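One structure below.
In my numbering, the protein residues as written are 1 to 566.
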């Protein structure tokens with residue numbers, strides 16, 4: 001079965017589950033009317049189904065390659081990107097002053113989800129562009145905005161982010177790239193960066209690199225890092241392209257998946273760059289891009305989960321084996337039914353969390369309200385980690401549902417697992433997301449978390465006479481999470497970090513129960529049945545996860561290196 005964008009799922013979530021009506025009621029997003037949103041989702045779904053999805057397998061079988069210093073992209077990717085750009089999809093939430101649509105991130109998240117499900121390797125390119133656009137909107141000078149934003153938004157140019165170096169991964173402060181003032185307002189950037197997604201292509205005029213480097217007076221660590229715009233071709237004052245900059249793609253990585261997305265080692269040799277944001281303020285500017293990217297990566301996980309589920313469902317409905325009742329297809333077997341139900345229920349939960357995260361960001365942007373800002377910050381690591389974990393798990397279950405045929409590349413089931421696997425690693429590993437949740441996002445003493453838990457319990461209380469069998473386990477799970485959160489904020493960082501990953505997962509499980517319950521309350525029997533499956537079978541995992549959290553760090557750190565080696 002070919003991929004089909006779940007357009008109706010986004011309409012349902014926005015109308016009934018994640019509170020998008022609050023976004024549409026703000027002055028900033030007043031144009032996001034139901035008719036506008038419906039038209040956007042409909043047209044994006046058409047693009048994904050008819051243009052992007054057919055590129056999924058060719059991108060895997062014919063990877064991007066480096067020939068004589070030129071990156072040659074997978075067949076059809078140039079035309080696919082052109083269709084994305086001409087449709088205005090890159091700038092869906094960008095500033096209208098520079099050619100964007102100025103629509104809510106929630107709507108952009110829906111579009112990115114569909115694109116990721118259709119062809120993740122290609123979707124990664126416009127996602128990187130969107131992150132760079134947001135960073136420039138918030139931190140760049142007017143001159144840089146005027147030069148770069150219209151080109152990035154139109155898709156004439158593309159954007160990247162350059163953080164990682166061979167010795168500086170998650171420890172960004174260990175970078176060695178240097179920036180020397182040229183005396184004319186520009187800087188000479190030198191250094192090597194690795195893992196640069198879509199570092200080059202053969203279908204756009206220019207590639208614009210945001211590069212972290214240290215000025216001569218920059219102190220060690222992250223506080224001494226600055227951010228620079230370093231284009232492949234240096235723009236002239238009239239906006240045309242001038243000289244080729246002194247940067248190059250050294251090599252392309254040989255990756256487990258995402259073969260259609262060129263991931264490069266980049267070398268900068270006194271390349272000309274321009275400061276973005278203040279001197280030594282690079283991390284603040286880069287985190288604007290990374291926070292955008294973390295929500296985007298969550299969406300990638302969900303999009304791939306959707307595609308893997310559709311692939312497995314089609315196979316299960318067609319494959320005849322054994323003495324199953326009804327059609328005789330393996331979808332009639334209880335364990336296959338369990339796998340498919342788990343895939344569908346978890347995909348809904350992860351998608352709802354990510355969409356609710358986008359709503360919180362939109363409300364923060366539209367109102368400036370501190371509560372919404374805190375909600376957005378709290379949900380970002382949960383969205384990123386849970387969304388990508390579910391992408392990996394659903395893709396793996398999809399292989400299992402195919403049986404032996406899932407291990408055969410020709411069926412295409414394995415590609416989803418290979419492609420999405422890196423999403424749990426890039427833009428901050430999921431372990432780092434969990435540590436961020438229990439540390440930085442709990443610096444308020446847990447206030448943002450408790451406010452969200454209050455809402456979940458209030459919603460459950462309001463529905464106790466309608467669906468009591470589903471309300472009670474959701475309320476109890478939420479209360480257990482509250483008690484563990486109260487315990488957590490009283491612990492030192494070692495104890496918090498030891499249980500960070502299970503805590504995040506438990507939080508996501510409870511959120512998933514809340515959103516499934518909200519969906520079930522709309523009266524659709526199919527959604528009630530799916531919610532029942534999730535709440536009765538998947539939500540109970542929270543108990544074991546929270547028990548793990550409350551063990552603290554003592555037994556973990558008591559394990560010596562010798563114990564691990566033995």
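Glycine is no exception: its CB is placed at the ideal position from the N, C-alpha and C atoms. Since the structure is predicted, the reported quantities are computational estimates derived from the model, not experimental observations.
query: Can you tell me whether DSSP reads residue 3 as helix, strand or coil?; result: coil
query: Can you tell me which residues form a DSSP beta bridge with residue 178?; result: 190 and 214
query: Enumerate, from N- to C-terminal direction, the unbroken beta strand (DSSP E) stretches of 3 or more residues contained entirely within the stretch 57-122.; result: 65-67 and 70-72
query: Going by CA-CA distance only, name the one from 184, 216 and 130 that's closest to residue 292.; result: 130
query: Unbroken alpha helix (DSSP H) runs of length 4 or more, entirely within the stretch 407-445: which are they?; result: 413-420 and 430-438
query: If I follow the unbroken alpha helix (DSSP H) through residue 518, where does it start and stop?; result: 500-520
query: What residue does the alpha helix (DSSP H) around residue 263 start on, and which one ends it?; result: Counting along the chain, residue 263 falls outside any alpha helix (DSSP H), though it belongs to the beta strand (DSSP E) covering 263-276.
query: Out of 327, 14 and 26, point me to the one whose CA is closest to residue 110's CA.; result: 14
query: Quick check: what's the CA-CA separation for residue 472 versus residue 8?; result: 29 angstroms
query: Quick one: what's residue 197 bridged to in DSSP?; result: 263
query: Does residue 311 pass the burial test, meaning 16 or more other C-beta atoms within 10 Å, or should it be called exposed?; result: buried
query: Under 8 angstroms, do residue 270 and residue 190 count as touching if we go by C-beta distance?; result: yes
query: How many Å lie between residue 371 and residue 448 at the Cα?; result: 7 angstroms
query: Please classify residue 470: is it buried, with 16 or more other beta-carbons within 10 angstroms of its beta-carbon, or exposed?; result: buried
query: Taking a contact to mean a Cβ-Cβ separation below 8 angstroms, would you say residue 132 touches residue 289 in this structure?; result: yes
query: Excluding the 5 residues flanking residue 402 on each side, which residues of the same chain have their C-beta closer than 7 angstroms to its C-beta?; result: 312, 315, 411 and 413
query: Out of 506, 544, 521 and 498, which has the shortest C-alpha to C-alpha gap to residue 559?; result: 498
query: I'd like to confirm the pairing. Which residues does DSSP put opposite residue 249 in its beta bridges?; result: 266
query: Ends of the alpha helix (DSSP H) at residue 394?; result: 370-402
query: Straight-line CA distance for residue 550 to residue 5?; result: 41 angstroms
query: Counting only runs that start and end within the stretch 130-173, where is the beta strand (DSSP E) found for 3 or more residues in a row?; result: 157-162
query: Below 6 angstroms CB to CB, which residues in the same chain sit around residue 351 once its five sequence neighbours on both sides are set aside?; result: 302
query: Can you check which of these residues, 175, 554 and 40, is closest to residue 194 by C-alpha distance?; result: 175
query: Determine the DSSP secondary structure at residue 567, reduced to helix, strand or coil.; result: For residue 567 there is no data in the structure shown, the boundaries of the chain being 1 and 566.
query: Between the stretch 452-461 and the stretch 506-520, do three or more beta carbon pairs fall short of 8 angstroms?; result: yes
query: Whole-angstrom Cβ separation of residue 419 and residue 252, contact assumed at under 8 angstroms?; result: With 8 angstroms as the limit, residue 419 and residue 252 do not qualify as a contact, their Cβ atoms being about 16 angstroms apart.
query: In chain order, what residues of the same chain have a beta carbon less than 7 angstroms from the beta carbon of residue 344, not counting five sequence neighbours either side?; result: 309 and 530
query: Note down, in chain order, each residue of its chain lying with its Cβ closer than 6 angstroms to the Cβ of residue 138, except the 5 sequence neighbours on either side.; result: 288
query: Hey, how far is the Cα of residue 263 from the Cα of residue 523?; result: 46 angstroms
query: Going along the chain, which residues of its own chain have a beta-carbon closer than 7 angstroms to the beta-carbon of residue 79, five neighbours each way excluded?; result: none
query: Could you check where the beta strand (DSSP E) with residue 231 kicks off and where it finishes?; result: 225-231
query: Starting from residue 244 and walking both ways along the beta strand (DSSP E), at which residues does that stretch end?; result: 241-244
query: Which residues in the same chain as residue 285 place their Cβ atom closer than 6 angstroms to its Cβ, once the five residues preceding and following it in sequence are excluded?; result: 135, 139, 227, 276 and 277
query: Compute the beta-carbon to beta-carbon distance between residue 423 and residue 503, rounded to the nearest angstrom, for a pair I have assumed lies under 8 angstroms.; result: Rounded, the Cβ-Cβ distance is 21 angstroms, inconsistent with contact.
query: Shortest alpha-carbon distance to residue 48 belongs to which of 234, 27, 477 and 307?; result: 307
query: Can you tell which of 208, 362 and 516 has its C-alpha closest to the C-alpha of residue 463?; result: 516
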